Amino acid sequence: MEPKMNIPDKFLKPYNPAETESRVYAMWEDSGFFHPETCIEKGATAEDAKPFTIMMPPPNVTGVLHMGHAMMLTVQDIMIRHKRMRGYRTLWLPGTDHAAIATQSKVEKEILKKEKRSRHDLGREELLKRVQNFAKESHDTIVSQIKVMGASCDWNREAFTLDDKRNLAVNTMFKKMYDDGLIYRGNKVINWDPKGQTTIADDEIVNVERDAVLYTFKYSHDFPIAISTTRPETKVGDTAVAVHPSDERYKEYVGKEYSFTFCDVPVTVKIIADESVEKDFGTGALGVTPAHSMTDWEIAERHNLPVKQVINEYAKMTVGTEELLGKKTADAREVVAKWLREKGLMISEENIKQNVPTAERTEGIIEPLPKLQWFVNVNKPIPSRGGKTLKEIMREPLQNGKIKMVPEYFNKTYFNWIDNLRDWCISRQIWYGHRIPVWYKGEEIFVGEQPPKLVSENASADKNQINHDHSGGAFSDTNLGGTWTQDEDTLDTWFSSGMWTFSALGWPEQTEDLKIYHPTDVLETGYEIIFFWVARMVMMSGYAIGEIPFHTVYFNGTVRDGQGRKMSKSLGNGIDPLDIAKEFGADAGRMALVMGTAAGTDSKISVDKIKGYKHFANKLWNITRFILGYAPEDLVEKPEIVERDSVLLSKFEEVAKEITDELDKYNFHLAAEKIYHYLWSHFADIIIEESKEVFKSGSQTEMRSRAYTLFKILSESLKVLHPFMPFVTEEIWTTIHPNENPLLVQRWPIK
RNA sequence: GAACGAUUAGCUCAGUUGGUAGAGCGUUCCCUUGACGUGGGAAAGGCCACAGGUUCGAAUCCUGUAUCGUUCACCA
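No gaps in the numbering here: position 80 of the first sequence is 885 in my numbering, and each next residue is one more.
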């Protein structure tokens, strides 16, 4: 048999992903098959097909796509494409996250650098305008990048965590929780970020190890007990000294009260006994500073101690004589230490390593301060949920297996976190975000989905999705002659993120989408946000609609560089997925991300690895070229299949079955490896090699049988490979099957 | 301090109910003028961290140790 001469020109050259990929993506978009309803209309999906839903973890609108995004997009797209081809009614809903603090502080930094102006110079309205413009631009960039990766998501349903619909959802949720007594306003010690001028949640803190000095001293010569601290400046705010109840050394002093002047500040401390004190640390006595330490605050609550604030929002001292007053805490520390030495009160100074809590975004050193903030109570029984607490709502579905984590061992981490969970501080003193839907007028408080009456027309003036304006503050209520003023604060960004699975489907409206697609099937995300996000989604969904948000959580690992380091700007070791797509093709990048990457395990990626999969795409290209040379386009009828070929065909069946099993078990790395090996080491190296001999000297029957077999295996292999390398497989498919639907919606070879 | 991982070829990693160790990359040698040099064939290279235990049999299960990593809590 002579090779035919009808091979399309493009196959005479090496595969060119740069030329192909954007064209193929545009074809997919035009086809409408990313949209599950179109799939049904066009008959690609059965009307009664089972739904399969993934909500895309919305990337922050703070910048550009990085390898972590590329990883999540790849894994999700693999699942989505596989399920779509298996016949499911498949929805992948994309979106972006406003990422309140991250976005605002990024814009603030820019403005400060370029214009030397702070947010207070600009004012709320102007700053929000700037942030919104930035968010809009950033959003557009990210969306185009998601497309470059080949993500087959339904753009018609795209959502933003700060658009009008999500704002309504957030406000509705806030009111519901407030009415149920789950949201309360309280004066408690919170984590204050003096640099960002806002509260932050426990899990937004990063502990940084630094050198510190552990000072041991007495408050005064008359005071019987020595204490140790790394922060002597806070000791002017002490209201007690706590010792362990069983500590014989100090038993006689418990219950006594002492007054003295400490560094020119009058101080009164009561000696108390509390279980939380370690007998063996330092002197075994703890100076209790309720206003400036989370644990001390808790001790103070147990013993009803007075709270004395001595440090303000700018981390400066608010008490003392001019030596101390107005000093930054670090300087005040020296002042107090010097005073102690001079007075002969200092007993020892020891250099130690200490973990200093800092704010993740601004790197400001956290100053615990008592402030009036909004909290979510995680321990209050909720009547409408059978008396369960939010903690229980978070715990139960994982415990009874309604939600499965892949890998499973993350369950333990999850439970461990819930056990130590405190009430969630949800108010933030920043401007970009969902403004707290609470209005004040004198003593009156109004909490609602909408502002108090007469205000609603004002607030809804701006309909732009992204440029949603929450700047309206005070409104005159002419009927009553008073003024409603909205709470200045915004909500923690995770409050809206936690609602993502159902808010993006239209809640609080009872939409069709909500009915069909919720609970969603798989949440695919990085394990680093298991607490921030995964737990909050379980909580919010369980509370608001009594449903789990998803059945399965799949954790991908962190993508690291060739040396195992985290990719970061400062190290300059980041690999930009867009550069990769341009140079090697998104297909190659996707394969490199998936290969050798088990769930929850960090992976390393290098240019060499990616290059290898570009070669693979080209290999497939050339396999096609060879087969097209003997293409059985004229073989409309299936020819007689010889023994050898039916063995080959059933071998393929076997491999396809194995790959399908691996996909169903979330072993994407194994599935990818199997199709890769099949195509390269078996199909190309064995089957095609022996085919040369068949076409040279086989019988007419053998030739026809083999031509059919090659074409058949190629076509079916394209399907199996498609979830991993969608572009090159689609490009080949549409070439060899010009009259059929795109590969995107072809039926998977295994049922 | 606690929880949870990891430890397999020079490098990156697979190894899913316990049955004689696998892949890619790299290295070395050879081959190939019609699918592809982005190719093909072959070779070298592992006491599966260590020590015990269970078993006919352990990389795999159990116990302990060491090292690395991640997360949480922090000591004031």
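Here a beta-carbon is modelled for each residue, glycine too, at the ideal position from N, C-alpha and C. Note that this is a predicted model, so its numbers are computed, not measured.
Which partner residues does leucine 896 have in the DSSP bridge list? When DSSP reads this structure, leucine 896 sits in a beta bridge with Thr858.
Contact set for phenylalanine 1473: own chain, Cβ-Cβ below 7 angstroms, skip 5 residues either direction: Val880, Ile883, Val1399
Check whether valine 953 and leucine 1484 have beta carbons under 9 angstroms apart: no
By the three-class DSSP mapping on this structure, what secondary structure does leucine 1177 have? Here leucine 1177 carries a strand assignment [DSSP, helix/strand/coil].
Suppose you measure from the CA of arginine 1227 to the CA of serine 1098; what does that come to, to the nearest Å? Cα to Cα, the separation comes out at about 15 angstroms.
Threshold first: 4 residues or longer. Then list the alpha helix (DSSP H) segments lying entirely within the segment 1110-1184, N to C. 1134-1147
Between which two residues does the beta strand (DSSP E) holding isoleucine 916 run? Per DSSP, isoleucine 916 is not a residue of any beta strand (DSSP E); the alpha helix (DSSP H) it occupies stretches across 905-920.
Have a look at the DSSP bridge pairing and note the partners of glycine 1347. In DSSP, glycine 1347 forms no bridge with anything.
Minimum length 4: unbroken alpha helix (DSSP H) runs contained in the segment 940-997: 969-984
Hey, is the segment 1323-1331 in contact with the segment 856-869, meaning 3+ C-beta pairs nearer than 8 angstroms? yes
Just verifying my parser: in three-state terms, what is the DSSP assignment at aspartate 1326? Strand, per DSSP.
Alpha carbon to alpha carbon, how far is alanine 1461 from valine 1525? Give it in angstroms, no decimals. 7 angstroms
Report the rounded CA-to-CA distance for valine 869 versus glycine 1390, giving the unit in angstroms. Straight across, the Cα-Cα distance linking valine 869 with glycine 1390 is about 18 angstroms.
Given a threshold of 16 other Cβ atoms within 10 Å of its Cβ, counted over all protein chains shown, does arginine 1166 qualify as buried or as exposed? With 16 or more other Cβ atoms within 10 Å, it is buried.
CB-CB length for leucine 1118 against leucine 1174, believed under 8 angstroms: Reading off the sequence, residue 1118 comes out as glutamate, not leucine. Confirmed, about 7 angstroms.
Three CB pairs or more closer than 8 angstroms across the segment 1418-1429 and the segment 811-826: yes
Could you tell me whether the Cβ atoms of leucine 1195 and valine 1211 are closer together than 9 angstroms? no
How would you write the range of the alpha helix (DSSP H) that tryptophan 1305 sits in, first residue to last? 1305-1308
Less than 9 angstroms between the C-beta atoms of glycine 1405 and alanine 875, yes or no? no
Under the rule that 16 or more other beta-carbon atoms within 10 Å means buried, what is valine 1013, buried or exposed? exposed
When the Cα of tyrosine 893 is compared with those of Ile845, Val948, Lys911, which residue comes out closest? Ile845
Name the residue from Pro1242, Arg1200, Asp1490, Tyr1214 whose alpha carbon lies nearest to the alpha carbon of asparagine 1225. Residue Arg1200 is the option with its Cα nearest to asparagine 1225.
As a quick exercise: from Ile1223, Lys1217, Phe1180, pick the residue whose alpha carbon is nearest that of leucine 1198. Checking the displayed sequence, the identity of residue 1198 turns out to be isoleucine instead of leucine. Check the Cα spacing between isoleucine 1198 and each of Ile1223, Lys1217, Phe1180: the tightest is with Ile1223.
According to DSSP, simplified to helix, strand and coil, what is methionine 1210? Correct three-state label for methionine 1210: strand.
For leucine 1218 and valine 1343, what's the separation of their Cα atoms in angstroms? Here residue 1218 turns out to be threonine, not leucine, going by the sequence shown. The alpha-carbon atoms of threonine 1218 and valine 1343 are separated by roughly 15 angstroms.
In this structure, how does DSSP classify tryptophan 1289 when only helix, strand and coil are distinguished? strand
For proline 841, does the three-state DSSP call read helix, strand or coil? helix
Does the segment 1148-1161 come close enough to the segment 1044-1060 that 3 or more CB-CB pairs lie under 8 angstroms? no
Alpha carbon to alpha carbon, how far is phenylalanine 1215 from leucine 1515? Give it in angstroms, no decimals. So the alpha carbons of these two residues sit roughly 44 angstroms apart.
For isoleucine 1076, does the three-state DSSP call read helix, strand or coil? strand
Which residue wins for smallest C-alpha separation from threonine 843, given the options Val829, Ser923, Trp960, Arg828? Trp960
At which residues does the alpha helix (DSSP H) containing serine 1033 begin and terminate? Run containing serine 1033: none in the alpha helix (DSSP H); it sits in the beta strand (DSSP E), 1032-1034.
Please name the residue in Pro1547, Arg922, Met1304, Ala1137 whose C-alpha comes closest to that of leucine 973. Met1304
Is it the case that the segment 962-980 contacts the segment 1126-1137, given that we only count it when at least three CB pairs across the two stretches are under 8 angstroms? no
Note the first and the last residue of the continuous beta strand (DSSP E) segment covering asparagine 1427. That residue, asparagine 1427, is in no beta strand (DSSP E); its alpha helix (DSSP H) goes 1412-1434.
Which word fits valine 1452, buried or exposed, when buried means at least 16 other C-beta atoms lie within 10 angstroms of its C-beta? Valine 1452 should be labelled exposed.
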